[in-house]
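Read through the structure below, which is laid out as structure tokens, and then see the notes.
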Ligand SMILES: [Cu+2]
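Numbering (the numbering used here), first residue to last: 1287 to 1605.
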């Protein structure tokens, strides 16, 4: 009986963990610039707090629920092919260097392709394809057929492993980012992560990055666009803002929650709030539109602890 009771509690805990993920969108919610994730100290208090009542029966599920919410609020998007009953289902395979009419569906909790989506940033679904070494990035907008099949022209430039992300919110549901691996056959030569830099060049444009990623916090990032040394003040709206930023964690390609600051200004600055789930390196991809063309500027940034916890490498060498 004891074992059965324990298993029952364990199963309940799992159910709460998966159910709790539905709340993630709210927890890391859209508009707050303030810290939204509990600091690590909050966790330390939990296990001790729940111990004395471990045998109290009725109190147990609620305590597990609290703990589960703490855990799921830290799970970044894009790491799972299936979450909250929704599954990203690639239909087509990819071939290195060959344009593919790539097709996929999102299977819903009822086992059928989802056809109802909420529009976010001007689109029902945002489709990102990044190489696992983070040196290739594409932000695409597939078309959906009436039966829920999405299709998009996709060409991957080199052989290797890719991660495809579908960023969407089903009608009546929470925002989700599902991720699936795609493989392009051939001679795979992974490149190292580009060095940390606050400047990125694309065509005649230079983009500067101000602000720092802070682990477990919403961090303000300001990107400033210039062309031939002159600030660009006539950026064109793209996806309902003056830029679109995607941030992926090096190592596992966790997909960060990023949202733009509302602005009437068409440049040269574009401001975002990005939530780095941990310390480590991240690759940032800024899409911006100018003179009718969308370009992507890429940066590598490191999330380290601030407030006196800076790494020793930043010590002041003056005497
Ligand atoms: Cu998009």
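Heads up, the beta-carbon is just placed ideally off N, CA and C, and yes, glycines get one too.
Exercise. Does the distance from the CB of residue 1440 to the CB of residue 1369 come in under 8 Å?
Worked result: Translated into the one-based positions of the chain shown, residue 1440 becomes position 154. Translated into the one-based positions of the chain shown, residue 1369 becomes position 83. Not in contact: residue 1440 and residue 1369 (Cβ atoms no closer than 8 Å).
Problem set entry | Alpha-carbon to alpha-carbon, residue 1538 and residue 1556 | Taking the chain shown and counting its residues from 1, one reaches residue 1556 at position 270. Taking the chain shown and counting its residues from 1, one reaches residue 1538 at position 252. The alpha-carbon atoms of residue 1556 and residue 1538 are separated by roughly 27 Å.
For this session: Return yes when the C-beta of residue 1409 is under 7 Å from any heavy atom of ligand 1, and no when it is not.
Result: Taking the first residue of the chain shown as position 1, residue 1409 is located at position 123. Answer for residue 1409: yes, Cβ within range of ligand 1.
For this session: Measure the alpha-carbon distance for residue 1545 versus residue 1466 and round it to whole angstroms.
Result: Against the chain shown, residue 1545 aligns to sequence position 259. Against the chain shown, residue 1466 aligns to sequence position 180. Going by the C-alpha atoms only, they are around 23 Å apart.
For this session: Compare the beta carbon distance of residue 1558 and residue 1547 with 8 Å and say whether it is the shorter of the two.
Result: Sequence index remark: in the chain shown, residue 1558 carries index 272 (1-based). Sequence index remark: in the chain shown, residue 1547 carries index 261 (1-based). In contact: residue 1558 and residue 1547 (Cβ atoms closer than 8 Å).
Problem set entry | Same chain, Cβ closer than 6 Å to residue 1228, five either side skipped, listed in chain order | Since the displayed the chain opens at 1287 and closes at 1605, residue 1228 lies outside it and no answer follows.
For this session: Put residue 1325 into one of helix, strand or coil per three-state DSSP.
Result: In the chain shown, counting from the first residue as 1, residue 1325 sits at position 39. Here residue 1325 scores only 43 on pLDDT, less than 50, and its place in the model should not be relied on; the value that follows carries that caveat. Three-state DSSP puts residue 1325 in coil, outside helix and strand.
Exercise. Could you check where the beta strand (DSSP E) with residue 1567 kicks off and where it finishes?
Worked result: In the chain shown, counting from the first residue as 1, residue 1567 sits at position 281. Note, residue 1567: beta strand (DSSP E), 1566 to 1576.
For this session: Could you tell me which residues DSSP pairs with residue 1371 in its beta bridges?
Result: In the chain shown, residue 1371 corresponds to position 85, counting from 1. None; residue 1371 has no bridge partner.
For this session: Ignore the nearest five residues each way along the sequence and tell me which others in residue 1316's own chain have a CB closer than 8 Å to its CB.
Result: The count along the chain shown starts at 1 and reaches residue 1316 at position 30. Because residue 1316 sits at a pLDDT of 39, beneath the cut-off of 50, its placement in the model cannot be relied upon, and the following sentence gives the value as read from the coordinates. Hits under 8 Å: 1545.
Exercise. Cα separation between residue 1471 and residue 1384?
Worked result: The sequence position of residue 1471 within the chain shown is 185, counting from 1. The sequence position of residue 1384 within the chain shown is 98, counting from 1. C-alpha separation (whole angstroms): 11 Å.
Problem set entry | Check whether residue 1583 and residue 1591 have beta carbons under 8 Å apart | If you number the chain shown from 1, residue 1583 lands on position 297. If you number the chain shown from 1, residue 1591 lands on position 305. Cβ distance not < 8 Å, so residue 1583 and residue 1591 don't count as in contact.
Problem set entry | Residue from 1391, 1405, 1585, 1432 whose Cα sits closest to the Cα of residue 1451 | Indexing the chain shown from 1 puts residue 1451 at position 165. It is 1391 whose Cα lies nearest to the Cα of residue 1451.
For this session: May I ask whether a heavy atom of ligand 1 can be found less than 7 Å away from the beta carbon of residue 1425?
Result: By one-based count along the chain shown, residue 1425 stands at place 139. Checking every heavy atom of ligand 1 against the Cβ of residue 1425, one is found closer than 7 Å.
Problem set entry | Cβ-Cβ distance between residue 1394 and residue 1371 below 8 Å | In the chain shown, the residue the question calls residue 1394 occupies position 108. In the chain shown, the residue the question calls residue 1371 occupies position 85. Yes, these two residues count as a Cβ contact at 8 Å.
Problem set entry | Per-residue burial, residue 1532 [other beta carbons within 10 Å of its own, 16 or more giving buried] | As a first step, residue 1532 is located in the chain shown; it is residue number 246 there, counting from the start. It counts as buried.
Problem set entry | Close-in-space but distant-in-sequence residues of the same chain around residue 1483 (CB under 7 Å, 5 per side omitted) | For the purposes of this step, residue 1483 is taken as residue 197 along the chain shown, with counting starting at 1. Contacts found: 1585, 1586.
Exercise. If you check the beta carbons only, do residue 1534 and residue 1561 fall under 8 Å apart?
Worked result: Walking along the chain shown from the start, residue 1534 turns up at place 248. Walking along the chain shown from the start, residue 1561 turns up at place 275. Not closer than 8 Å, so no.
Problem set entry | Cβ-based neighbour list, residue 1388, same chain, cut-off 6 Å, excluding 5 preceding and 5 following | On the chain shown, position 102 is the one that residue 1388 refers to. Excluding residues within five positions, the ones whose Cβ falls inside 6 Å are 1378, 1438, 1440.
Exercise. Since residue 1460 contacts residue 1421 with CB under 8 Å, what's their CB separation in whole angstroms?
Worked result: Sequence index remark: in the chain shown, residue 1460 carries index 174 (1-based). Sequence index remark: in the chain shown, residue 1421 carries index 135 (1-based). Not confirmed; about 32 Å, so no contact.
Exercise. According to DSSP, is residue 1513 helix, strand or coil?
Worked result: Along the chain shown, one-based indexing puts residue 1513 at 227. Residue 1513: strand per DSSP, three-state reduction.
Exercise. Within the present structure, is the beta-carbon of residue 1545 separated from the nearest heavy atom of ligand 1 by less than 7 Å?
Worked result: Position 259 of the chain shown, counted from the first residue, corresponds to residue 1545. Incorrect: residue 1545 has no Cβ contact closer than 7 Å to ligand 1.
Exercise. Looking at the unbroken beta strand (DSSP E) that takes in residue 1546, where does it start and where does it end?
Worked result: Your numbering for residue 1546 matches position 260 in the chain shown. 1543 to 1546 is the extent of the beta strand (DSSP E) around residue 1546.
For this session: Take the Cβ of residue 1398 as the centre, count every other Cβ of all protein chains shown within 10 Å, and call the residue buried at 16 or more, exposed below.
Result: Residue mapping note: residue 1398 aligns to position 112 of the chain shown, counting from 1. That one is exposed.
Problem set entry | Cβ of residue 1515 within 8 Å of any chain B Cβ | This model lacks chain B altogether, as it is built from one protein chain only.
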